[in-house]
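Asks: Keeping their order, the protein sequence lines are chains A and B.
Under our numbering, the first sequence has 47 at position 47, and the numbering climbs by one with no breaks.
Just remember that our numbering sits 385 ahead of the position in the second sequence, which is counted from 1.
Ideal placement from N, C-alpha and C gives every residue a C-beta, glycine not left out.
Encoded as structure tokens, here's the structure I'll be asking about.
Number of protein chains: 2
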Amino acid sequence: MSVTHPQGFLAAGVVAGLKSTGKRDIALVQNLGPSQAAAVVFTSNRAQANPIIWSKQVITDGIVSAIVLNSGGANCYTGSFGFQTSHQSAEAVASALGVSAGDVLVCSTGLIGVGGQDFRDKVLGGISAVAPLLSVTGGLDAATAIMTTDSVPKQAVVNGAGWSLGGMAKGAGMLAPGLATMLVVITTDAVLDSPSLDAALRAATRVTFDRLDSDGCMSTNDQVSLLASGASGVTPTLAEFTTAITALCADLAQQLQADAEGASHNISIETINAANEDDAVEVGRSVARNNLFKAAVFGNDPNWGRVLAAIGTTKADFDPYDVDVSMNGVRVCKSGEPDEPSTSVDLTPRATHVLIDLKVGTATATILTNDLTHDYVHENSAYAS
Amino acid sequence: MSVTHPQGFLAAGVVAGLKSTGKRDIALVQNLGPSQAAAVVFTSNRAQANPIIWSKQVITDGIVSAIVLNSGGANCYTGSFGFQTSHQSAEAVASALGVSAGDVLVCSTGLIGVGGQDFRDKVLGGISAVAPLLSVTGGLDAATAIMTTDSVPKQAVVNGAGWSLGGMAKGAGMLAPGLATMLVVITTDAVLDSPSLDAALRAATRVTFDRLDSDGCMSTNDQVSLLASGASGVTPTLAEFTTAITALCADLAQQLQADAEGASHNISIETINAANEDDAVEVGRSVARNNLFKAAVFGNDPNWGRVLAAIGTTKADFDPYDVDVSMNGVRVCKSGEPDEPSTSVDLTPRATHVLIDLKVGTATATILTNDLTHDYVHENSAYAS
């Protein structure tokens with residue numbers, strides 16, 4: 001299921017030897033058509049991996065026949081040799097599937113600086129091995145092959161009226177992944193052209209992956225790819241399609257948040273009554289990136305002072321002395337003064353809700369993040385990643 | 386010594402009962418003159434504690450007779466009652482010393498939201514107790530009374546030609562303190578007017594405390610105060626004075642970095658050959674605020690990929706594929722490709738040096754930060770602060 005849920009898609013995942021654990025590390029997804037329209041959203045980091053540079057060229061004409069993804073090496077900061085490896089990967093897929101290399105997206109995830117001869121040999125070997133295995137039942141293997149520190153594969157489907165969407169994801173956040181990279185592949189059998197797909201994908205990622213901010217660290221390899229086969233013969237309205245793909249992305253984003261490395265709390269920071277949506281996002285993000293607040297949540301300490309100290313660093317329109325803050329339903333700060341006692345807040349559930357009322361307008365946004373834990377420090381210090 | 390090293394100053398520190406540990410928690414410093422010129426730099430956080438709001442009024446005329454500081458409560462987000470407490474504190478000092486309340490600075494540090502009747506009672510009681518103890522030997526007691534999670538008091542002196550500077554500090558960073566607040570009191574017996582003191586103080590903090598970025602979290606209570614007695618009768622040039630106060634602030638900033646909570650590495654991030662100083666600061670700060678990089682340093686892992694991923698998020702002028710990165714003297718990345726093997730980098734020393742060569746100009750800046758450790762998480766989750 002997942003990426004092979006919509007009609008017209010095959011997938012597979014194999015072991016290429018890139019992961020020291022010996023687990024699956026090469027995934028391939030093919031679009032059988034009849035359409036090969038596509039859209040891609042890339043990392044906004046200026047430091048971009050070679051597969052990103054390659055894929056940006058591929059998507060310029062809005063046509064994608066297949067996407068190959070590897071874990072076990074980011075192929076980033078590996079110079080022209082690394083770029084040639086991405087190019088050769090696309091050529092190898094093209095040769096195996098009888099398509100054009102210029103229509104093959106490439107994604108990599110893993111350690112920056114890994115992308116030498118051994119990496120190239122294993123990737124190309126993996127492509128030879130994975131192509132013959134493509135099938136309509138290969139979605140889970142593909143989703144498994146892109147995992148890095150993920151503890152479970154992430155998949156989702158959404159059904160429309162006679163058409164559907166499927167998706168797989170790895171990582172923990174687009175603009176701010178918790179570990180290395182977020183890679184997402186979304187498939188659909190709806191009949192839509194590339195500009196429509198692009199508009200819907202950007203609308204969806206803006207309010208889902210872009211608002212998942214696990215640790216404020218933006219990756220060099222983030223890529224969200226949308227492939228449309230048109231095999232259903234059905235053309236939904238752009239509004240219908242946008243609603244459906246937003247739901248799919250929200251589902252995958254929540255799975256990423258729930259599996260964020262080392263986290264013990266899933267924190268939703270909801271900012272209400274902001275002057276505009278940008279302000280609401282900025283305020284929520286400032287809290288999501290505040291280590292002191294995130295460590296307090298780990299300790300089940302409803303430290304609302306750290307929320308106010310965080311939002312005070314923003315340029316958003318509000319009166320710092322007329323803000324209400326609630327945590328898990330208890331208003332601990334009213335108009336900038338202590339309200340209900342902090343001791344009445346129960347932060348032991350994994351799901352944590354912070355509500356910030358700016359009292360200046362009507363705009364709202366919710367940022368998803370995680371707490372800062374011993375396990376986060378351990379996972380990011382004990383192993384290179 | 387310290388704040389009582391220059392002529393014309395008295396200091397003291399006592400136990401007022403604000404700290405649950407029973408340690409000293411109220412400090413008082415008096416300027417005996419003949420001059421009472423002063424300058425203050427405040428937090429840029431829009432969420433400002435009541436003592437900040439009070440002290441901003443005091444400094445408008447450039448005259449300060451005394452400064453009273455408490456630990457054990459930030460008196461922030463405590464409403465008009467809290468502001469009245471700051472006001473009453475200044476009145477109490479004024480009454481005890483026979484000066485004007487409008488010339489008394491107030492500083493607080495501790496938990497946001499603490500500032501009720503019990504806090505007020507203890508602060509006012511502490512002021513009654515501390516005023517009679519003022520002496521030229523009270524500097525260490527004062528420096529001790531402003532400590533929160535600091536493990537040692539921080540003091541420094543610099544001698545000029547016939548005049549001197551003294552200082553005390555607590556916390557870990559001005560624009561981005563590691564825990565709660567950074568408070569600094571600097572004294573001098575040089576003869577300088579308030580505008581000159583202000584110019585020198587801003588020049589000094591800009592390249593010292595402003596570049597200490599332990600964990601990216603900006604406090605509501607940060608305050609750096611400079612009091613000048615004129616008791617030496619000597620007027621240094623502004624250049625001489627600025628050089629000396631910059632050295633004093635750099636000394637205190639290094640003491641703050643070395644005592645940052647839970648840290649096991651003092652990291653200096655030096656950016657060279659930037660187009661301008663702002664770019665160099667932005668690049669260094671992006672690395673200093675990258676949790677993945679900071680956790681890697683804790684694990685003694687020279688993960689230069691995380692440096693490049695961090696600086697790629699900035700708007701600074703450089704080519705992301707033509708940057709060199711060295712760690713502790715080993716160039717691990719040259720022109721965006723792997724250079725010396727990471728295994729040749731020894732990150733076990735506490736002092737860690739990261740050198741980033743942007744290759745576009747001649748500007749340089751160094752940002753000081755710390756690693757992200759289990760102890761950091763522990764100290765900020767296990768205790769409210």
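Identify whether glutamate 91 of chain A lies in helix, strand or coil by the three-state DSSP scheme.
Replies: Of the three classes helix, strand and coil, the one that applies to glutamate 91 of chain A here is helix, per DSSP.
Asks: In this structure, how does DSSP classify proline 436 of chain B when only helix, strand and coil are distinguished?
Replies: The answer is helix: DSSP assigns proline 436 of chain B an H, G or I state.
Asks: Closest by CA to alanine 397 of chain B, which one among B/Met553, B/Ala701, B/Gly669, B/Lys719?
Replies: Measuring from the Cα of alanine 397 of chain B, the nearest candidate turns out to be B/Met553.
Asks: Please confirm whether leucine 10 of chain A and valine 68 of chain A have their CB atoms less than 9 Å apart.
Replies: Going by C-beta atoms, leucine 10 of chain A is not nearer than 9 Å to valine 68 of chain A.
Asks: Helix, strand or coil: how does DSSP classify asparagine 70 of chain A here?
Replies: It is a strand residue.
Asks: Determine, using beta carbons only, whether threonine 366 of chain A and glutamate 270 of chain A come nearer to each other than 9 Å.
Replies: Result yes, Cβ atoms of threonine 366 of chain A and glutamate 270 of chain A sit closer than 9 Å.
Asks: For leucine 358 of chain A, which of A/Phe42, A/Gln84, A/Ala27, A/Val281 has the nearest alpha-carbon?
Replies: Nearest of A/Phe42, A/Gln84, A/Ala27, A/Val281 to leucine 358 of chain A, Cα basis: A/Val281.
Asks: What's the gap between the Cα of glutamine 540 of chain B and the Cα of alanine 39 of chain A?
Replies: If you take the alpha carbons of glutamine 540 of chain B and alanine 39 of chain A, they lie about 59 Å apart.
Asks: Does DSSP classify leucine 201 of chain A as helix, strand or coil?
Replies: Note: leucine 201 of chain A maps to helix in three-state DSSP.
Asks: When you compare only the Cα positions, how much space is there between valine 515 of chain B and glycine 407 of chain B?
Replies: Each residue's Cα considered, the two are about 15 Å apart.
Asks: For a cutoff of 9 Å on Cβ pairs, would you count phenylalanine 683 of chain B as touching chain A?
Replies: Yes, because at least one Cβ of chain A sits closer than 9 Å to the Cβ of phenylalanine 683 of chain B.
Asks: Return no unless some Cβ of chain B is closer than 9 Å to the Cβ of alanine 156 of chain A.
Replies: For alanine 156 of chain A, the answer is no, since every Cβ of chain B falls outside 9 Å of its Cβ.
Asks: For arginine 285 of chain A, decide whether its Cβ has a neighbour in chain B, counting only Cβ atoms nearer than 9 Å.
Replies: So no, arginine 285 of chain A is outside the interface.
Asks: What are the complete beta strand (DSSP E) segments, minimum 3 residues, inside the stretch 233-299 of chain A?
Replies: As far as the stretch 233-299 of chain A is concerned, its whole beta strand (DSSP E) runs of at least 3 residues are 266-274.
Asks: What residues of chain A sit near threonine 758 of chain B, judged by a beta carbon separation below 9 Å?
Replies: Simply Val377, Ser381.
Asks: Check whether the Cβ of proline 338 of chain A lies closer than 9 Å to any Cβ atom in chain B.
Replies: Yes, contact with chain B.
Asks: On the three-pair Cβ rule with 8 Å, is the stretch 628-643 of chain B touching the stretch 528-547 of chain B?
Replies: Contact holds: three or more Cβ-Cβ distances are below 8 Å.
Asks: Thinking just about the alpha-carbon of each residue, which of A/Gly72, A/Phe42, A/Gly102, A/Ala92 is nearest to the one in aspartate 61 of chain A?
Replies: Nearest of A/Gly72, A/Phe42, A/Gly102, A/Ala92 to aspartate 61 of chain A, Cα basis: A/Gly102.
Asks: Is any beta-carbon of chain B found at less than 9 Å from that of alanine 66 of chain A?
Replies: With 9 Å as the cut-off, alanine 66 of chain A does not count as an interface residue toward chain B.
Asks: Looking at C-alpha atoms only, which residue of B/Gly402, B/Pro419, B/Asp663, B/Val521 is the closest neighbour of aspartate 595 of chain B?
Replies: The shortest Cα separation from aspartate 595 of chain B among B/Gly402, B/Pro419, B/Asp663, B/Val521 belongs to B/Asp663.
Asks: I need the straight-line Cα distance from arginine 431 of chain B to alanine 459 of chain B, nearest angstrom please.
Replies: Between arginine 431 of chain B and alanine 459 of chain B, the C-alpha separation is close to 15 Å.
Asks: With DSSP as the reference, identify every bridge partner of phenylalanine 42 of chain A, one or two as the case may be.
Replies: Answer is A/Gln223, bridged to phenylalanine 42 of chain A.
Asks: Please list the residues of the stretch 430-442 of chain B that have a C-beta atom closer than 9 Å to any C-beta atom in chain A, keeping them in chain order.
Replies: Hits within the stretch, in order: Asn430, Arg431, Ala432, Gln433.
Asks: Short of 8 Å Cβ to Cβ, which residues in the stretch 475-498 of chain B face chain D?
Replies: Absence of chain D from the displayed structure is noted, the protein chains being A and B.
Asks: Quick one: what does DSSP say threonine 364 of chain A is sitting in, helix, strand or coil?
Replies: The answer is strand: DSSP assigns threonine 364 of chain A an E or B state.
Asks: Identify which residue in A/Gly115, A/Ala309, A/Gln30 has its Cα closest to the Cα of arginine 289 of chain A.
Replies: Answer by Cα proximity: A/Ala309.
Asks: Out of B/Asp583, B/Val570, B/Met712, which has the shortest C-alpha to C-alpha gap to valine 730 of chain B?
Replies: Minimum Cα distance to valine 730 of chain B is reached at B/Met712.
Asks: Can you check the stretch 92-144 of chain A for any beta strand (DSSP E) of at least 3 residues that lies completely inside it and give the ranges in chain order?
Replies: As far as the stretch 92-144 of chain A is concerned, its whole beta strand (DSSP E) runs of at least 3 residues are 104-108.
Asks: List the DSSP bridge partners of phenylalanine 9 of chain A.
Replies: A/Asn31.
Asks: Helix, strand or coil, according to DSSP, for isoleucine 696 of chain B in the structure here?
Replies: Three-state DSSP puts isoleucine 696 of chain B in a helix.
Asks: Based on the DSSP output, what are the partners of proline 338 of chain A in its beta bridges?
Replies: A/Cys333.
Asks: Give me, in chain order, the residues of the same chain whose beta-carbon lies closer than 6 Å to that of leucine 417 of chain B; leave out the 5 immediate sequence neighbours on both sides.
Replies: Closer than 6 Å at Cβ, skipping near neighbours: Gly393.
Asks: Which of the three DSSP states, helix, strand or coil, is assigned to isoleucine 146 of chain A?
Replies: Reduced to three states, the DSSP call for isoleucine 146 of chain A is coil.
Asks: Determine, for aspartate 799 of chain B, whether the minimum Cβ-Cβ distance to residues of chain A falls below 9 Å.
Replies: Shown here, chain B extends from 386 to 770; a query on residue 799 of chain B therefore has no answer.
Asks: Along the chain, where does the beta strand (DSSP E) that runs through serine 381 of chain A open and close?
Replies: That residue, serine 381 of chain A, is in no beta strand (DSSP E); its alpha helix (DSSP H) goes 374-381.
Asks: Chain A partners of alanine 660 of chain B, CB-CB under 7 Å?
Replies: The premise fails here: alanine 660 of chain B is roughly 15 Å from chain A at the closest Cβ pair, so nothing lies under 7 Å.
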